[in-house]
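What follows is one structure encoded as structure tokens, with my remarks underneath.
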């Protein structure tokens, strides 16, 4: 049997490639989101055709990012898949409960300011990050 | 679930990283299995059994059955 130290780790190579690919798609999605958000206001004065084009390109990049994320998940080994899925499930629960609770606070006039979807996105990102950190520490 | 992965690895003088390469998983996964924090899937258990030339039950034992 060959010494495993002399052979490349396929899992690590695949994971690195998928991570880089997901990073590029995420950057592209964020960049096109910025163009679709600020372009109409500061660049082409809300002209319909470039606005629709910017929106469609952003949507396309978003779907590309979703596919890249799926491939990233499939490329993980079974422990990391479990950590990722546990963090995702926790995030989904927190997002649903806190998102609807936050909306309710405004509806029943317990808060005076307007609720923003971005607040929910930030909460979900932080929850997912905390879930991933907790998962990695748990199996260390 | 108990397992003899650490003993079998030590007999071959392999590090966790080397075993991880053999089984195509991360070193963290090997560590989690060895410390009993994570139970491997059936395909990974078969792969480990093939690698060490043993039956699955010679490597992994159900704690409730012993």
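Chains as they are written, first to last, in this note's numbering: chain V, 4 to 143; chain G, 57 to 122.
Even glycine gets a Cβ: it sits at the ideal position worked out from N, Cα and C.
Can you check which of these residues, V/126, V/38, V/83 and V/48, is closest to residue 104 of chain V by C-alpha distance? V/126
Residues from the segment 73-98 of chain V in contact with chain A, defined by Cβ distance under 8 Å: Protein chains in the displayed structure are V and G, and chain A is not among them.
Less than 7 Å between the beta carbons of residue 80 of chain V and residue 91 of chain G, yes or no? Cβ atoms of residue 80 of chain V and residue 91 of chain G: not closer than 7 Å.
Here's the rule I'm using: 16 or more other beta-carbon atoms within 10 Å means buried, otherwise exposed. How should residue 75 of chain G be labelled? buried
Residues in the segment 20-35 of chain V having any Cβ partner in chain G nearer than 8 Å: none
In chain V, which residues lie with their C-beta within 8 Å of the C-beta of residue 93 of chain G? Simply 141 and 142.
Please go through the same chain and pick out, in chain order, the residues whose beta-carbon is closer than 7 Å to the beta-carbon of residue 118 of chain V, but skip the five residues on each side of it. 105, 106 and 109
Assigned secondary structure, residue 93 of chain V (DSSP; H/G/I helix, E/B strand, else coil): helix
Span of the alpha helix (DSSP H), counted from its first residue to its last, around residue 113 of chain V: Where residue 113 of chain V is concerned, there is no enclosing alpha helix (DSSP H), given that its DSSP letter is neither H nor E.
Do you know offhand how far residue 4 of chain V's Cα is from residue 70 of chain G's? For residue 4 of chain V, the pLDDT reaches just 49, beneath the cut-off of 50, and the residue's location in the model is therefore unreliable, although a value from the coordinates is still provided. Roughly 12 Å between the two C-alpha positions.
Which residues of chain V have a Cβ atom closer than 8 Å to the Cβ of residue 118 of chain G, listed in chain order? Residues of chain V passing the Cβ test: none, with the nearest at roughly 19 Å.
Can you give the beta carbon distance from residue 35 of chain V to residue 52 of chain V, rounded, assuming they're within the 8 Å contact cut? That belief does not hold up - the Cβ atoms of residue 35 of chain V and residue 52 of chain V are roughly 16 Å apart, past 8 Å.
Compare the beta carbon distance of residue 142 of chain V and residue 94 of chain G with 7 Å and say whether it is the shorter of the two. yes
Cα-Cα separation between residue 18 of chain V and residue 128 of chain V, rounded to whole angstroms: 21 Å
Could you tell me the alpha carbon to alpha carbon distance between residue 12 of chain V and residue 22 of chain V, rounded to whole angstroms? Each residue's alpha carbon lies about 15 Å from the other.
Where residue 29 of chain V and residue 70 of chain V are concerned, what is the direct C-alpha to C-alpha distance, given to the nearest angstrom? 11 Å
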